[in-house]
Amino acid sequence: MWRGLEPLGRDPGSGGYRRFAWTGADRECREWFRAQAEARGLVHETDRNGNQWAWLGDPLAGDAVVTGSHLDSVPDGGAFDGPLGVVSSFAALDELRRRGAEFIKPLAIVNFGDEEGARFGLACVGSRLAAGRLTVEDAHRLRDGDGVSLPQAMEAAGHDPDAIGPDPERLARIGAFVELHVEQGRALDLSGDPVGVASAIWPHGRWRFDFRGEANHAGTTRLADRRDPMLTYAETVLAARREAELAGGLATFGKIAVEPNGVNAIPSLVRGWLDSRAPDQATLDAVVSGVERAAREHAERAGIDLDVVRESFTPVVDFQHALRDEIRRMLEERGRDGAGGATRTVPVLGTGAGHDAGILSASVPTAMLFVRNPTGISHSPAEHAAEDDCVAGVRALADVLEGLACS
Ligand code: GLV
Ligand code: MN
Ligand code: MN
Ligand code: MN
96 MWRGLEPLGR DPGSGGYRRF AWTGADRECR EWFRAQAEAR GLVHETDRNG
146 NQWAWLGDPL AGDAVVTGSH LDSVPDGGAF DGPLGVVSSF AALDELRRRG
196 AEFIKPLAIV NFGDEEGARF GLACVGSRLA AGRLTVEDAH RLRDGDGVSL
246 PQAMEAAGHD PDAIGPDPER LARIGAFVEL HVEQGRALDL SGDPVGVASA
296 IWPHGRWRFD FRGEANHAGT TRLADRRDPM LTYAETVLAA RREAELAGGL
346 ATFGKIAVEP NGVNAIPSLV RGWLDSRAPD QATLDAVVSG VERAAREHAE
396 RAGIDLDVVR ESFTPVVDFQ HALRDEIRRM LEERGRDGAG GATRTVPVLG
446 TGAGHDAGIL SASVPTAMLF VRNPTGISHS PAEHAAEDDC VAGVRALADV
496 LEGLACS
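The sequence shown maps to residues 96 to 502 in our numbering.
What follows is the structure, encoded as C-alpha cells:
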C-alpha cells in the first residue's frame with residue numbers, strides 16, 4: 096500500500112514531497128485513498144470541506160471511532176508526516192480483520208484536506224472549517240502565491256466551494272478520534288520507546304512582518320542614502336532567535352518574499368513570516384511581543400515602515416485526559432508498546448507541531464499516538480521512521496481501535 100503512495104508528488108531531485116492542497120499531486124493522493132477504501136469494501140465519501148472518509152459500518156449511527164491523518168505535505172516534505180497516520184489506519188483495520196475483531200461501533204478512516212497550509216498559508220483548513228474554527232468568509236479570502244483563491248482551487252479540482260462550512264452534525268457523530276503521527280522530535284528516541292501517547296500541543300501561530308523601504312539602484316545609491324528593509328528584516332531574524340532563547344520558546348522565519356526581487360536593486364518590500372510556538376501562552380506572548388518590539392525599534396531607526404499581521408493562531412491543546420489514560424492503559428495491558436511483549440510504561444509526550452487532532456479536540460474526544468523518529472527530523476526529505484517502529488505503531492493503533500470500537 097505504501098508503495099502506491101510513495102511516488103505521488105515526489106520531487107525526483109531532492110526526494111522530498113510537494114503535495115499541496117487541490118493540486119494534481121493532491122488529487123492523485125485522494126484517488127489513492129479512495130482506491131484503498133474501495134479495495135476494503137469501505138464506503139467512501141468526501142465531505143463538504145474536502146475531507147475524505149472511508150466508513151466501515153453506518154456513518155449516521157453515531158459514536159463512531161475515527162482514525163486517520165493527512166496526505167498533503169510542506170514544500171519538500173518527508174514521506175511520513177501525515178501519510179504514516181493514513182497508511183497505518185488502513186493497516187490497523189487489516190490487522191483487526193485478521194484478528195477476527197467484531198465491530199460494535201462504526202469505524203472511519205479520514206484524510207483531512209490541507210493540513211500543512213503550504214499553499215494558502217493557513218494550516219488545518221479542512222478540520223478548521225468542519226469545526227467552525229475558520230469562517231467561510233475567511234476561507235474565501237485565502238489566496239495562494241499566484242493569487243488563486245481557495246474556492247477557485249477547490250472548484251478547479253472538482254469540489255463544490257459553495258458547500259464549505261461548519262459540519263457540527265458530522266462531528267457530533269464521532270465518539271473518539273485517534274491520529275497516529277510520526278514524532279517530530281526525539282523524545283521517543285531518547286526514552287527508547289517505539290510508540291508514545293500525546294499529552295498536549297503547544298500554542299502556536301504565524302505572523303506576517305511587512306518591512307517597506309525604498310527601491311533603488313544597487314550600484315549608485317550611497318549606503319547613507321538607503322532605506323533598505325532587508326537590513327531591518329535581518330536584524331529582526333536575529334532578535335527572534337534572541338527572544339526565543341530568553342523566553343524558552345521557538346521562533347522561526349522560514350519564508351520570505353522580496354520586491355522587486357532583483358539582484359541589483361535595493362528592495363522596496365521584504366515580507367517575512369514568523370512561526371512561533373511555546374509550551375504555554377505566556378511564553379509565546381513574550382516571544383512574539385519581544386520580536387515585534389525589536390522589529391519596530393530597528394524599523395524606526397532605519398526609516399522603514401512596518402506592519403505586523405497575525406495570520407493564524409492555535410491555542411494550547413490539552414488532549415482529553417480520560418481518553419489519553421484509557422489508551423495508555425490499553426497499550427500497557429497488552430504490552431503493546433512495540434517492545435515485543437513485555438509490559439512497559441507507554442510514554443506521554445507533548446509536541447510543538449500542529450495537527451488536525453488539535454483542532455478537533457475542542458469538539459470531539461481526541462488522542463494521538465506518536466511513532467519514534469530516530470533523528471527527530473521532520474518537514475524535510477530526511478524525515479524517517481524504522482519499519483519495525485511503523486509496525487509497532489500499526490499494532491498499537493489496532494489495539495486502541497479494538498478497545499474503542501469492538502468492546
Ligand atoms: C504542521 O505540521 C505544523 O505544525 O506546522
Ligand atoms: Mn507537518
Ligand atoms: Mn502532520
Ligand atoms: Mn502538521
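Here a beta-carbon is modelled for each residue, glycine too, at the ideal position from N, C-alpha and C.
On a predicted model such as this, the values are computed, not experimentally measured, just so you know.
Under 6 angstroms Cβ to Cβ from residue i, same chain only, skipping five residues before and after it: list those, please.
i	result
G433	Per-residue confidence for G433 stands at a pLDDT of 48, beneath the threshold of 50, marking its modelled position as unreliable; no derived number is given.
D323	G308, I361
A149	A132, L137, H139, I204
Which residue or residues does DSSP assign as beta-bridge partners of residue i?
i	result
L151	L202
I269	A159
V412	I296
L401	F306
Going by the C-beta, is residue i closer than 7 angstroms to any heavy atom of ligand 1?
i	result
G561	Residue numbering for the chain in the displayed model covers 96 to 502; residue 561 lies beyond these limits and cannot be assessed.
A381	no
G221	no
E211	yes
L449	The question names Leu, but residue 449 is Gly in the sequence shown. G449 Cβ: within cutoff of ligand 1.
A218	yes
Ends of the alpha helix (DSSP H) at residue i?
i	result
I327	Inspection of the sequence shows that residue 327 is occupied by Thr rather than by Ile. Counting along the chain, the alpha helix (DSSP H) containing T327 begins and ends at 324–342.
H235	231–236
G99	97–100
G195	Element bounds for G195: n/a, residue is neither H nor E.
D284	282–286
G221	220–226
L245	245–251
For residue i, which residues from the same chain have a beta carbon less than 7 angstroms from its beta carbon, with the 5 sequence-adjacent residues on both sides left out?
i	result
G449	A218, C219, I296, H299, T409
G498	M425
L345	A339, S371, R372, A373, G447
Is residue i near ligand 2, in the sense that its beta carbon is under 7 angstroms from a heavy atom of that ligand?
i	result
H312	no
H474	yes
V169	yes
Within the continuous beta strand (DSSP E) that includes residue i, where are the two ends?
i	result
I296	290–296
V278	Checking the sequence, you will find Glu at residue 278 rather than Val. No beta strand (DSSP E) holds E278; DSSP gives it neither H nor E.
R307	299–307
Is any non-hydrogen atom of ligand 3 found closer than 7 angstroms to the C-beta of residue i, if you look at the structure I gave you?
i	result
E354	no
G177	yes
H299	no
H165	yes
Leaving out the 5 sequence neighbours to the left and right, which residues in its chain are closer than 8 angstroms to residue i when beta-carbon positions are compared?
i	result
I199	A500, C501, S502
(request) Tell me the start and end of each unbroken beta strand (DSSP E) in the region 349–392 that is at least 3 residues and wholly inside, in chain order. (result) As far as the region 349–392 is concerned, its whole beta strand (DSSP E) runs of at least 3 residues are 364–372.
(request) Enumerate, from N- to C-terminal direction, the unbroken alpha helix (DSSP H) stretches of 4 or more residues contained entirely within the region 420–488. (result) 451–455
(message) Report the start-end ranges of each alpha helix (DSSP H) in the region 107–169 that is 4 residues or longer and not cut off at the edges.
(response) If only uninterrupted alpha helix (DSSP H) runs of at least 4 residues are considered, those enclosed by the region 107–169 are 119–134.
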